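Read in order, the letters of the sequence shown correspond to residues 1 to 532 in full-length UniProt numbering. Every residue, glycine too, gets a C-beta built ideally from N, C-alpha and C. Just so you know, these numbers come straight off a predicted model, no measurement behind them.
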Amino acid sequence: MSGLKHGEFVGSLDCGTTSTRFLVFDKYADIVAEHQIEYPQYYPEPGWHEQNPDELVESCEVCINEASKALEDAGWAKESVKVIGITNQRESTVAWSRKTGKPLCPLIVWDDARTKNTVAHFERKLQLEGINVHGRIKKGEDAIEALRQMSGLPISTYFSAIKLRWMIDHHENVRKAHDEDDLMFGTVESWILYRLASNGDKLHITDVTNASRTLLMNLNTLEWDPALLDFFGIKSSVLPKIVSSSEVYGELQSTVLKGVKVAGLAGDQQAALIGNKCLRQGEAKCTYGTGAFLLFCTGNDVVLSKHGLLSTVAYKDGATGKPVYALEGSIAVAGSAIKWLRDTMSLVSTAGEVNTLAESVPDTGGVYFVTAFSGLLAPYWDPGAAGLLIGLTAYTTPAHIALATLEANAFQTRAILESMKLDSKADLKHLMVDGGMTNGDKVMKVLADIGGFTVIRPEMRESTALGSALLAGSAIRLHGWDISKPETLTEVNTKGNVEFVPNMPEDAREKRWQGWQRAIERSVGWEEGVDE
């Protein structure tokens, strides 16, 4: 196409849980072009969540091609895209054949719960057989602690080694491939790279952020740990090579961007941390969607939580760079509580009305709402906790409940941050936020007041995609970006930042906080205490 301008842009392939997007950013993180499509989800049994690995790849190819067309429609040559990064739904697990390159079974998605029995098996194994660490068998609590020190994680349905083990145990062709060294395992970014990119050979790699969510990588060595592989019964031959989050891995081999370098990789929550430029110790971001994910940068040291959080790798800049670590805490119910008010309770007709309703009252009238619809995650970790509305009187109105819903989100955020500060001994500088729930100003004001910290909301909140773009750009020093030098990113995504500062008096904040603690005490352990 003649007459097209040539720029210097970076692309980001964002492989989310339900949709794929490809975005093209300029040096300021303004979006120049984008395309998004949803792809099919499969729920063959209760608690199961699957995807078709081939359909996932097809969605990536379509998004890259269509966004490239949109770029040209905007007057820019597709050759303006100099490098791309990939970010992905973490923990989702793919198994494929080394010989054929084809999937051996459906992809198991991160939130799939079929592996509860597998988890119970390995929890028993820790108690009865233990884990062999450097020739010493550790059992019981010592084994649990040893596994956590190595991987930073507890045994849970969440993490990908458990999903891979289930595949080996329940799919005959996966078991056979494992026995015959024909099996290849990867999380979503590994699979996409294997199919779409090459460095002369087929790529079978994973970056440190995704590897840190498998239960198989040692957080200190950043290598697959023989003790963990032995414990879970997984051969090292099936695993991808672990690489940094920011280096040139290869070039795209398909799509209209053939030949463009791929140079940034990060799991979605770590990518959002980077996209929010939380690169130094004490900086944190929270993504508020259906649930909420809060990551707190702890610097170059692994911080093992004693207060109910996960330890993870935030990013690693280049093959020789030092890893930067983070603490992570999750809230199960954030935006979904507002959806519940709208769809189930019919208190509002749109999600946005919750903000308007909450604005109409000065306080909750003594009402607290513990939104434990499916138990509580960090830092409480109580699957038996129950949802609780307490403090109701004849004075209570829908407006009080709306405000209590927003406060529940803020209280749970503060609880995680209090744990993070205790674990890391670092004070929070400010909280960066993104996700659909952050669109309402009232939500943000409540968060600042309850938390007692400044909340910063950028205008462009595609932080996950931006994170992988920054990693990719940094790898080739596009626009002078250097992830290891945050000052080189000062011009990135600063337009339209809104700061929310706390206005609630400290004594009122602490009184509300104490009330929340009392409400939590009444919520936890409910399931165990109910008469059969």
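Using 7 Å as the threshold, is the C-beta distance between residue i and residue j below it?
| i | j | result |
| --- | --- | --- |
| A337 | L295 | no |
| D434 | S463 | yes |
| S245 | Y315 | yes |
| V260 | W191 | no |
| G318 | E223 | no |
| G308 | W381 | yes |
| K139 | G130 | yes |
| H400 | T364 | yes |
| I86 | F22 | no |
| S80 | H6 | yes |
| L104 | N173 | yes |
| S330 | L257 | no |
| I456 | N497 | yes |
| F369 | A404 | yes |
| G291 | A334 | yes |
| D230 | M150 | no |
| I234 | A211 | no |
| T157 | A120 | no |
| A426 | Q281 | yes |
| T118 | R195 | no |
| S12 | A465 | yes |
| A197 | L107 | no |
| I84 | V62 | no |
| A161 | T214 | yes |
| residue 537 | G384 | It is not possible to answer for residue 537, since the shown part of the chain is limited to 1 through 532. |
Compute the Euclidean distance between the alpha carbons of residue i and residue j, then round it to the nearest angstrom.
| i | j | result |
| --- | --- | --- |
| Q127 | T397 | 50 Å |
| Q41 | H479 | 38 Å |
| S305 | A272 | 21 Å |
| T20 | C60 | 6 Å |
| L219 | N493 | 31 Å |
| E407 | V524 | 18 Å |
| T350 | G387 | 22 Å |
| Q412 | A358 | 18 Å |
| V367 | R98 | 58 Å |
| L470 | N276 | 10 Å |
| N439 | A177 | 48 Å |
| D207 | L279 | 17 Å |
| E532 | A519 | Residue confidence for E532 is low, a pLDDT of 41 falling below 50, so the modelled location carries little weight and cannot support an answer. |
| E55 | S237 | 26 Å |
| D507 | V446 | 16 Å |
| E418 | P379 | 9 Å |
| A70 | I31 | 11 Å |
| V348 | S374 | 23 Å |
| T371 | K339 | 12 Å |
| E521 | P362 | 26 Å |
| residue 560 | G436 | No information on residue 560 is available, as it lies outside the stretch 1 to 532 that the chain covers here. |
| H170 | E499 | 51 Å |
| P458 | T490 | 13 Å |
What span of residues does the alpha helix (DSSP H) with residue i cover, start to end?
| i | result |
| --- | --- |
| H178 | 172-179 |
| M420 | 398-424 |
| Y194 | 188-196 |
| D343 | 335-343 |
| D230 | 226-232 |
| A285 | Contrary to the premise, residue 285 reads as Lys rather than Ala in this sequence. No alpha helix (DSSP H) contains K285, which is instead part of the beta strand (DSSP E) from 284-288. |
| G451 | 441-451 |
| V208 | 208-211 |
| L357 | 353-359 |
For residue i and residue j, which I take to be in contact (beta-carbon distance under 8 Å), what is that distance rounded to the nearest angstrom?
| i | j | result |
| --- | --- | --- |
| L91 | T187 | First, the residue type needs correcting, since residue 91 is Glu and not Leu in the sequence shown. Correct: roughly 7 Å between the Cβ atoms. |
| A263 | I274 | Their Cβ separation, rounded to whole angstroms, is 14 Å, which puts A263 and I274 out of contact at 8 Å. |
| L193 | I205 | 6 Å |
| V109 | E50 | 7 Å |
| K82 | E8 | 6 Å |
| V10 | A475 | Not confirmed; about 10 Å, so no contact. |
| A448 | V501 | 6 Å |
| L310 | L183 | Not quite, the Cβ-Cβ distance comes to about 27 Å (not below 8 Å), so this is no contact. |
Specify, as a first and last residue, the run of the beta strand (DSSP E) that residue i falls within.
| i | result |
| --- | --- |
| A263 | 261-267 |
| F369 | 368-370 |
| A326 | 323-331 |
| E8 | That residue, E8, is in no beta strand (DSSP E); it is neither H nor E in DSSP. |
| V248 | 246-252 |
| L23 | 19-25 |
| M432 | 431-434 |
| Y315 | 310-316 |
| F373 | No beta strand (DSSP E) contains F373, which DSSP labels as neither H nor E. |
| K241 | 241-243 |
Closer than 6 Å: is that where the CB of residue i sits relative to any heavy atom of the ligand HEM?
| i | result |
| --- | --- |
| L153 | As for the ligand HEM, it is missing from this structure, which has no ligand bound. |
For the region 455-531, list the alpha helix (DSSP H) runs that are entirely contained and at least 4 residues long, ordered along the chain. Correct list: 463-475, 506-523, 526-529.
Would you mind listing the beta strand (DSSP E) stretches within the region 34-101 that are 3+ residues and don't spill past its ends, in chain order? 81-88, 93-97
What are the complete beta strand (DSSP E) segments, minimum 3 residues, inside the region 97-177? 131-133, 136-138
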